[in-house]
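Residue numbers (the UniProt record's numbering): 1 to 144.
Just so you know, even glycine gets a beta-carbon here, dropped at the ideal spot from N, CA and C.
Read the structure below first, then the notes.
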């Protein structure tokens, strides 16, 4: 084993003749406690300041994000509403065109039904005329 160096300082015992040294050490210890307490207070102040700055920064960031989201949603809503308005106008125009086509087809159907009725009456009248003419002819006229 390697020899070890004893670096521990030896303390003098507190005797009456040594009371000044002992008092000095007590004062040094008290001063160290005061410095430690002050260091802790400073550390706590810095921690509290950092925590407050963090909370402010967090609040500011959250506020900016919320405003950005609200702005995006408003823009999105406006664009969506614009598209819906355009769609409604297009559907209304289509409905008008379809109604015009249906009205035209209805008119044409009525016209065709009227033509059909007149043609039917005309053909019926012609058939009756031809029948009466054929009945009025003699058998010899029919042969020729």
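Residue i versus residue j: straight-line alpha-carbon distance, rounded
i           : j           : result
residue 72  : residue 53  : 28 angstroms
residue 83  : residue 69  : 21 angstroms
residue 110 : residue 95  : 22 angstroms
residue 81  : residue 45  : 53 angstroms
residue 86  : residue 101 : 23 angstroms
residue 125 : residue 132 : 11 angstroms
residue 79  : residue 89  : 15 angstroms
residue 123 : residue 98  : 36 angstroms
residue 60  : residue 21  : 57 angstroms
residue 38  : residue 76  : 56 angstroms
residue 50  : residue 57  : 10 angstroms
residue 113 : residue 129 : 24 angstroms
residue 135 : residue 127 : 12 angstroms
Opening and closing residue of the alpha helix (DSSP H) in which residue i lies
i          : result
residue 36 : 19–136
Burial state of residue i (16 or more Cβ within 10 Å)
i         : result
residue 1 : Only weak support exists for where residue 1 lies, its pLDDT of 49 falling under 50; the coordinates are left without a value.
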